[in-house]
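S.K.: Next up is a structure, given as C-alpha cells.
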Amino acid sequence: MNTAQQNEKTGVRKVTDKGEIRTEGLEVTYNSDVGQTVALSKTSLTIHPGEFVCVLGPSGCGKSTLLNVIAGFVKATEGRALLDGNAIEQPGADRSMVFQQHSLLPWKTVRANIELGPKFTGDIEASSTVNHFLKMVGLQKYENHYPDQLSGGMQQRVGIARALATFPRVLLMDEPFAALDYQTRLMMQENLLSLWEEFGTTVVFVTHDVDEAIFLSDRILLMSASPGRIVKDIANPLPRPRTQMISSEAKFLEIKRDCMEIIRAEALSTF
Ligand SMILES: Nc1ncnc2c1ncn2[C@@H]1O[C@H](COP(=O)(O)OP(=O)(O)OP(=O)(O)O)[C@@H](O)[C@H]1O
Ligand SMILES: [Mg+2]
Numbered sequence: 001m002n003t004a005q006q007n008e009k010t011g012v013r014k015v016t017d018k019g020e021i022r023t024e025g026l027e028v029t030y031n032s033d034v035g036q037t038v039a040l041s042k043t044s045l046t047i048h049p050g051e052f053v054c055v056l057g058p059s060g061c062g063k064s065t066l067l068n069v070i071a072g073f074v075k076a077t078e079g080r081a082l083l084d085g086n087a088i089e090q091p092g093a094d095r096s097m098v099f100q101q102h103s104l105l106p107w108k109t110v111r112a113n114i115e116l117g118p119k120f121t122g123d124i125e126a127s128s129t130v131n132h133f134l135k136m137v138g139l140q141k142y143e144n145h146y147p148d149q150l151s152g153g154m155q156q157r158v159g160i161a162r163a164l165a166t167f168p169r170v171l172l173m174d175e176p177f178a179a180l181d182y183q184t185r186l187m188m189q190e191n192l193l194s195l196w197e198e199f200g201t202t203v204v205f206v207t208h209d210v211d212e213a214i215f216l217s218d219r220i221l222l223m224s225a226s227p228g229r230i231v232k233d234i235a236n237p238l239p240r241p242r243t244q245m246i247s248s249e250a251k252f253l254e255i256k257r258d259c260m261e262i263i264r265a266e267a268l269s270t271f
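Just so we're aligned: the sequence shown equals residues 1 to 271 in full-length UniProt numbering.
Written out as C-alpha cells, the structure is:
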C-alpha cells in the first residue's frame, strides 16, 4: 500500500515511500514471427529514491522496453529489475505510467478518469484525492469535460494527474510530451517540475530530446543504438527550481555538448 502525508501548512499531500529502482544484468529479447530482437542488452543501473532521471537514446534502442520492465508489463529474459529491493514480477499501484499519447477513457469525464486509480487502490478519500490532483494540474474547471473536449496538453495533464493519484513510488513517463507543440511542451516541462518538486516521487522520463532531458533531470542515462545498453551516466547539477531560461546558461550548454558528442559517436559507430 502506498502512503501519503499531508503538509499541515500547504495542504499538499505527497508520497512518503520513494522508490529505488535497480536493474541487474537486465536483458530483454522479443520473439515474434519475424524472428528474435534483442531490445536491451546487459543493463545494470540504480535510480535513487526521489531522483528525476531522463533516459535518452535513438529510436528503437529499447527505452520503452526498459520502462515496461520496470512497470511490470514486460518480463526480463535475463537478469532482473527491483523496486526497493524486491524483484518486479508484475504491474502494481506503486508504479504509474504516462504514455506518449494520452490513454484516457474517452467515455469518462476528466474526474472519472482520474478517479480510476484511487478507487482501484481502495482509497477511501478518492473524491478528495481527485480534487487535490485536479488542482495540482490546474484543471478544476474541466472536471466534467470529456477527453475529446480538451487540448492535447490538457489531456496529458489529466494523464499525469491520473498517474499521480495512486501516490506511486515511481512515475514512469514514456515521451509524454512528444506529440505536443513546442510552446505547450515547454510549459508542460515547467509544470511537471513544479509538480515533482511538491510531490517528491521517483521519476524515470524517456525522451529523445536532449534539451528536454537536461532541463528536467538530476541525471541523464544515454543509451546506445539497438540493442540498447547504457553508454553514459551524466550527472546534471543545474540548480533548482529551474525555468526555461536556464537553457542559455554555460553549464546547460556544457552538458548538452557532452551529450551530443556521445550521441554523435554512437551514431557514427552504427552507421
Ligand atoms: N512486442 C514486441 N515484439 C517484438 N519486438 C519488439 C516489441 N516491442 C519492441 N520490439 C523491438 O525492440 C526494440 C526496442 O523497442 P523499444 O520500443 O523499446 O524502443 P524505443 O527506444 O522505445 O523506440 P522509440 O524511440 O521509437 O519509441 C525495437 O527493435 C523494436 O522493434
Ligand atoms: Mg519508445
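The C-beta atom is built at its ideal place from N, Cα and C for all residues, glycine as well.
Is the beta carbon of G79 closer than 7 Å to that of L40?
M.R.: Your numbering for residue 40 matches position 40 in the sequence shown. Your numbering for residue 79 matches position 79 in the sequence shown. No.
S.K.: Give the straight-line distance between the Cα atoms of M1 and A93, rounded to the nearest whole angstrom.
M.R.: Your numbering for residue 1 matches position 1 in the sequence shown. Your numbering for residue 93 matches position 93 in the sequence shown. Note on M1: pLDDT 46, under 50, position unreliable in the model; no value is reported.
S.K.: At a cut-off of 6 Å, would you count A39 as near ligand 1, judging by its Cβ distance to the nearest heavy atom?
M.R.: For this step, residue 39 is matched to residue 39 along the sequence shown. Yes, since a heavy atom of ligand 1 falls inside the 6 Å radius drawn around the Cβ of A39.
S.K.: Could you give the C-beta distance for V210 and K256, rounded to a whole number, given that I count them as a contact under 8 Å?
M.R.: Counting from one through the sequence shown, the residue named residue 210 turns up at place 210. Counting from one through the sequence shown, the residue named residue 256 turns up at place 256. Contact between V210 and K256 holds: CB atoms are separated by about 6 Å, below the 8 Å threshold.
S.K.: Would you identify the three-state DSSP class for S269, choosing helix, strand or coil?
M.R.: Counted from its first residue, the sequence shown places residue 269 at position 269. Reduced to three states, the DSSP call for S269 is helix.
S.K.: Buried or exposed: which applies to residue 281, given that a residue is buried once 16 or more other Cβ atoms fall within 10 Å of its Cβ?
M.R.: Since the first residue shown for the chain is 1 and the last is 271, residue 281 is missing from the structure and cannot be characterised.
S.K.: Counting by C-beta, which residues lie closer than 7 Å to a heavy atom of ligand 2, in chain order?
M.R.: K63, S64, D174, E175 and V206
S.K.: Which same chain residues end up closer than 6 Å to I88 when comparing Cβ atoms and leaving out the 5 residues on each side of it in sequence?
M.R.: Taking the sequence shown and counting its residues from 1, one reaches residue 88 at position 88. Here the set comprises G72 and A81.
S.K.: Please list, in chain order, all residues of the same chain as A161 whose beta carbon is under 6 Å from its beta carbon, the five residues on each side excluded.
M.R.: If you number the sequence shown from 1, residue 161 lands on position 161. Closer than 6 Å at Cβ, skipping near neighbours: I114, F133 and V137.
S.K.: Whole angstroms are fine: how far does the CA of V53 sit from the CA of R229?
M.R.: Numbered from its first residue, the sequence shown carries residue 229 at position 229. Numbered from its first residue, the sequence shown carries residue 53 at position 53. Distance between the alpha carbons of R229 and V53: 16 Å.
S.K.: My output table needs one value for R264: the three-state DSSP class, helix, strand or coil.
M.R.: Counted from its first residue, the sequence shown places residue 264 at position 264. Here DSSP, grouped into helix, strand and coil, assigns R264 to helix.
S.K.: Does the beta-carbon of C61, which I'm using as the reference point, lie nearer than 6 Å to any heavy atom of ligand 1?
M.R.: For the purposes of this step, residue 61 is identified with residue 61 of the sequence shown, where counting begins at 1. For ligand 1, at least one heavy atom lies less than 6 Å from the Cβ of C61.
S.K.: Looking at C-beta atoms only, is the number of pairs between the segment 148-158 and the segment 99-118 that lie closer than 8 Å three or more?
M.R.: yes
S.K.: Can you grab the Cα-Cα spacing for the pair T43 / L56, in whole Å?
M.R.: In the sequence shown, the residue the question calls residue 43 occupies position 43. In the sequence shown, the residue the question calls residue 56 occupies position 56. Each residue's alpha carbon lies about 14 Å from the other.
S.K.: For T65, count neighbouring Cβ atoms within 10 angstroms of its own Cβ and tell me buried if that reaches 16, exposed if not.
M.R.: For this step, residue 65 is matched to residue 65 along the sequence shown. Buried, by the Cβ-count rule.
S.K.: Could you pull out every residue in the same chain whose Cβ sits closer than 6 Å to the Cβ of T37, ignoring the five residues on either side in sequence?
M.R.: Position 37 of the sequence shown, counting from 1, holds the residue named residue 37. Cβ neighbours of T37 beyond the five flanking positions: Y30.
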